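Heads up, the sequence shown is in the working numbering, so the first residue is 1407 and it goes up one at a time.
We put the CB at the ideal spot given by N, CA and C, even for glycine.
Just so we're clear, the structure is a prediction, and the values are computed from it rather than from any experiment.
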Amino acid sequence: MAEPDPGPPGVAVDPRYLRRRRLLVTGAAVLALAAVLSVLAITRPPPLRDEPGAFGDDLSEVMGLIQAENQRVLREHPGDVVTLAHLLPLTGDYSDIAMTREAVRHSLEGAYLAQRWRNRQQKTAPYVRLLVGDLGPDTWAATVRAVRQERILAVTGLGASTRVTTRAIEELSADPPMPAVAAVITSDELQGKPGLTRVAPLNSAEAAGGVWKAGRLDPGYKAVIVDDKHATDSYSQTLGRSYQRLIEPAKLIDKLSFDSSAKAAGTVIGKVAEAICDSAATTVFYTGRANELPLLLSKLAQVRRCETRDLAVISGDDIAQMNPGRQDMNWSDNGGHVALYYTAMANPSLGKPALPALQDRFKSDRPDSFYTVFRNESLEDSEAIMHHDAVTVAIAAIDEFAANEPNSGWRRIGPDSVVSMLRSGTIKVEGASGPIALGENGNPIRKGFPILRLLPSGISTNPEWYPG
């Protein structure tokens, strides 16, 4: 900052004059800075949005549909609208967020359909407005602040079981807790968060299903656990601990590991494949994410000692992101000798556990079905189904107040009331993924799920329902 002009050389200047000049210059600088900050505040987009281009061209179609539905209910039902915030990791590297852009898009599609079907088929207040927020590594804190500052009645979605998601949930659960209905979070470590409820089975339940499946394939199986030691991925850590606890000690012959966050992880995975083929294992329990599994499978197919040997590889729900045959996830099943099974969160075929009405909404040719609205999209990764169910559960809790509070008392409820309802042990919903009953701890009670075989083509076959 420039000093005030002291006046002509040799001429005495009153010190009070100099102080006044300094104050004026400082004040002007402060005002200029404030003006710049005000402009930035005005031009910076809000964290919770619904514009088509808010989060990238690849999401513009579904975001445009969300915005159109929001505008319709605000126009046709002013005063009868509640607002939900659907939060997802929309920015960040895969290593931090563990969701592909395709998975994010499918998640928004499922959330939109839950909003649309509630607003147009039930046709009673309250109607649902849906805003979308980013839980990326650099944006999650601002998004959570916006949720608390705006009149958001519940949060849905929330992304995968990563450190970033965990931090966001901890903030949302701080006193007073916000109701947060997670769609695909399965980590057991996130139990006990006051506002958190979820519609997906926990990793301990998925591991139990995987061990059950291994016994059905081969009652005398010999197992190796392949652990991903990624320090910030709660999904891998809790799945690995659950496998370790549930596999009979006599059947577990080895435990191997790699770190997907380390450089040259592929070299380590190659050594892991060799060690598996050197062992007597008939079954491999894999705890990592989908991104690294194709390399392990391909390495197994390349080791001569495994050329004619049958191996069952069993893993958790993240493997659904290999559906349907992503080009960056090509792998070999060694001529059918390697069979890959995974515990899915939802049944892509929408079979017996789903209500016929929900099957119709997703798979029919009616004008508002999933396959009609999103003609070129897939249900195979379960994301659309699970995010539909998360939004549906949040709406079901709010609808309880609309049905039981006289004189439109639902208008006076806040997030604390929704948390109380979600944690009451009374919420039961016929979800697209199957029946959902929430316990007082916010976890689904004995949530069943399908176990599927995934082929290298990306097709899932041989579904078998695990009852939970």
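Collapsed DSSP secondary structure at Ser-1444 in the structure displayed: The pLDDT assigned to Ser-1444 is 41, lower than 50, so where the model puts this residue is not dependable; a value taken from the coordinates is nonetheless given after this. Annotated three-state conformation of Ser-1444 is helix, per DSSP.
Gly-1845 by DSSP, collapsed to three states: which one? Gly-1845 falls in the coil class under three-state DSSP.
Between the Cα of Arg-1651 and the Cα atoms of Val-1797, Ser-1610, Lys-1599, Leu-1490, which residue gives the shortest distance? Comparing alpha-carbon positions, the option among Val-1797, Ser-1610, Lys-1599, Leu-1490 lying closest to Arg-1651 turns out to be Ser-1610.
Between Tyr-1872, His-1636, Pro-1869, Ala-1696, which lies nearest to Ala-1509 when the distance is taken from Cα to Cα? Taking only the C-alpha atoms, the option nearest Ala-1509 is Ala-1696.
Among Arg-1817, Val-1674, Leu-1514, which one has its Cα closest to the Cα of Asp-1456? Each of Arg-1817, Val-1674, Leu-1514 was checked against the Cα of Asp-1456, and the nearest Cα belongs to Leu-1514.
Given that a residue counts as buried once 16 or more other Cβ atoms are within 10 Å of its Cβ, and exposed if not, what is Tyr-1884? Here the chain has residues from 1407 to 1874 only, and residue 1884 is not among them.
Would you mind reading off the limits of the beta strand (DSSP E) that contains Glu-1836? Where Glu-1836 is concerned, the enclosing beta strand (DSSP E) stretches over 1834-1837.
So if DSSP puts Ile-1857 in a beta bridge, which residue, or which two residues, is it bridged to? Ile-1857 is bridged to Thr-1749, Glu-1870.
Within the region 1552-1616, ranges of the alpha helix (DSSP H) (whole runs, at least 4 residues): 1569-1579, all fully within the region 1552-1616.
Under the three-state reduction of DSSP, which class applies to Thr-1489: helix, strand or coil? Assignment of Thr-1489 by DSSP, reduced to helix, strand and coil, places it in the strand class.
Measuring alpha carbon to alpha carbon, tell me which of Arg-1715, Ala-1670, Ala-1629 ends up nearest Gly-1616. The candidate whose alpha carbon is nearest that of Gly-1616 is Ala-1629.
To the nearest angstrom, how far is the alpha carbon of Leu-1471 from that of Thr-1571? Looking at the two C-alpha atoms, the distance is approximately 26 Å.
Range covered by the alpha helix (DSSP H) that runs through Asp-1684: Unbroken alpha helix (DSSP H) run through Asp-1684: 1671-1684.
In chain order, what residues of the same chain have a beta carbon less than 6 Å from the beta carbon of Thr-1867, not counting five sequence neighbours either side? Listed in chain order, the non-local C-beta contacts of Thr-1867 below 6 Å within the same chain comprise Arg-1859, local neighbours out to five positions each way being set aside.
Taking three-plus beta-carbon pairs below 8 Å as touching, is the region 1658-1665 in contact with the region 1630-1638? The region 1658-1665 vs the region 1630-1638: in contact.
Output the distance between the C-alpha atoms of Thr-1562 and Ile-1653, rounded to the nearest integer angstrom. Cα to Cα, Thr-1562 sits roughly 34 Å from Ile-1653.
Span separating the alpha-carbon of Pro-1850 from that of Gly-1539: Rounded to whole angstroms, the separation of the alpha carbons of Gly-1539 and Pro-1850 is 25 Å.
In the DSSP output, which residue or residues are listed as bridge partners for Gly-1539? According to DSSP, which records beta bridges pairwise, Gly-1539 is partnered with Leu-1454, Leu-1493.
Here's a check: name, in chain order, each residue in its chain whose Cβ is nearer than 7 Å to the Cβ of Ser-1755, leaving out the five neighbours to either side. The beta carbon of Ser-1755 lies closer than 7 Å to those of Pro-1869 in the same chain, with the five residues before and after it left out.
Between the Cα of His-1483 and those of Thr-1497, Ala-1531, Phe-1461, Arg-1554, spot the shortest distance and give me the residue it belongs to. Cα-wise, what sits closest to His-1483 is Ala-1531.
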